[in-house]
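Below is one structure, written out as structure tokens; comments come after it.
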Amino acid sequence: MKLIYNTILAFVLIACNPPQRNCTDFKTGSFEFTAEINGESTTTSFFRNDTLEVENFNGKIDSSSIKWVNDCEYILKNLHPVNTAEETPLLIKILTTSEDRYTFEYGQVGSAQKARGTAVKIK
């Protein structure tokens, strides 16, 4: 009986461990993010340092300032918005990390609507 109890307890403790989040490993570097837009797979590449993110999407280069809220959350503000939607900053929250990638949640600041994605660190 004691063996069963200890086995169940060990399983519960292991299952309750929070996901790995080594967010500081992903604060800077070069990354790729692939998403499906209108049924097509598209890849965005971007470079990020502590204060700036430069994105290349379908040959269009865009720059955003970065304000880190904490080690796992930051706000992106487009430096050269061309429409109202681009004027609204994005809140990005890193949810989990692994050796070369992280899963994140993002959405406009103040909006309840969120999406998720995975970015791969390439440098």
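Every letter in the sequence shown is one number past the one before it in the numbering used here, and letter 65, counting from 1, is 66.
Glycine included, C-beta positions come from ideal geometry on N, C-alpha and C.
*asked:* Beta-carbon within less than 6 Å of asparagine 79's beta-carbon, same chain only, minus the 5 sequence neighbours each way: which residues are those?
replied: As a working mapping, residue 79 is identified with position 78 in the sequence shown. Contacts found: Ser65 and Glu87.
*Looking at the structure shown, is cysteine 24 part of a helix, part of a strand, or coil, going by DSSP?*
Locating residue 24 in the sequence shown gives position 23, counting from the first residue. For cysteine 24, the three-state secondary structure derived from DSSP is helix.
_Length of the line joining the Cα atoms of asparagine 57 and serine 112_ = Counting from one through the sequence shown, the residue named residue 57 turns up at place 56. Counting from one through the sequence shown, the residue named residue 112 turns up at place 111. Between asparagine 57 and serine 112, the C-alpha separation is close to 25 Å.
*When you compare only the Cα positions, how much space is there between isoleucine 93 and phenylalanine 105?*
Locating residue 93 in the sequence shown gives position 92, counting from the first residue. Locating residue 105 in the sequence shown gives position 104, counting from the first residue. Going by the C-alpha atoms only, they are around 7 Å apart.
*Quick one: grab the DSSP three-state call for threonine 89.*
Your numbering for residue 89 matches position 88 in the sequence shown. Coil, per DSSP.
*Which residues bound the beta strand (DSSP E) around threonine 104?*
As a position in the sequence shown, residue 104 is number 103, starting the count at 1. According to the DSSP assignment, threonine 104 belongs to the beta strand (DSSP E) that extends over 102-109.
_Tell me which residues share the same chain as threonine 97 and place their Cβ nearer than 7 Å to its Cβ, disregarding the 5 neighbours each side in the sequence._
Translated into the one-based positions of the sequence shown, residue 97 becomes position 96. Counting only residues of its own chain and dropping the five nearest sequence neighbours on each side, threonine 97 has a CB closer than 7 Å to the CB of Pro20, Gln21, Arg22, Tyr103 and Thr104.
*Please classify isoleucine 38: is it buried, with 16 or more other beta-carbons within 10 angstroms of its beta-carbon, or exposed?*
Residue 38 sits at position 37 when you count from the first residue of the sequence shown. Exposed, since its Cβ has fewer than 16 Cβ neighbours within 10 Å.
*Within its chain, find whatever has a CB closer than 7 Å to the CB of tryptophan 69; leave out the 5 residues flanking it on each side and keep chain order.*
For the purposes of this step, residue 69 is identified with residue 68 of the sequence shown, where counting begins at 1. So the list reads Tyr75, once near-sequence residues are dropped.
_Simplified DSSP assignment, three categories, for lysine 61_ = Numbered from its first residue, the sequence shown carries residue 61 at position 60. In this structure, lysine 61 counts as strand in the three-state DSSP scheme.
*What is the DSSP secondary structure of serine 112, reduced to helix, strand or coil?*
Stepping through the sequence shown from its first residue, residue 112 is reached at position 111. In the structure shown, serine 112 sits in coil (DSSP, three-state: anything other than H, G, I, E or B).
*What do you reckon, are the CB atoms on threonine 25 and aspartate 72 nearer than 7 Å?*
Working through the sequence shown from its first residue, we reach residue 25 at position 24. Working through the sequence shown from its first residue, we reach residue 72 at position 71. Their beta carbons are under 7 Å apart, which means threonine 25 touches aspartate 72 by this criterion.
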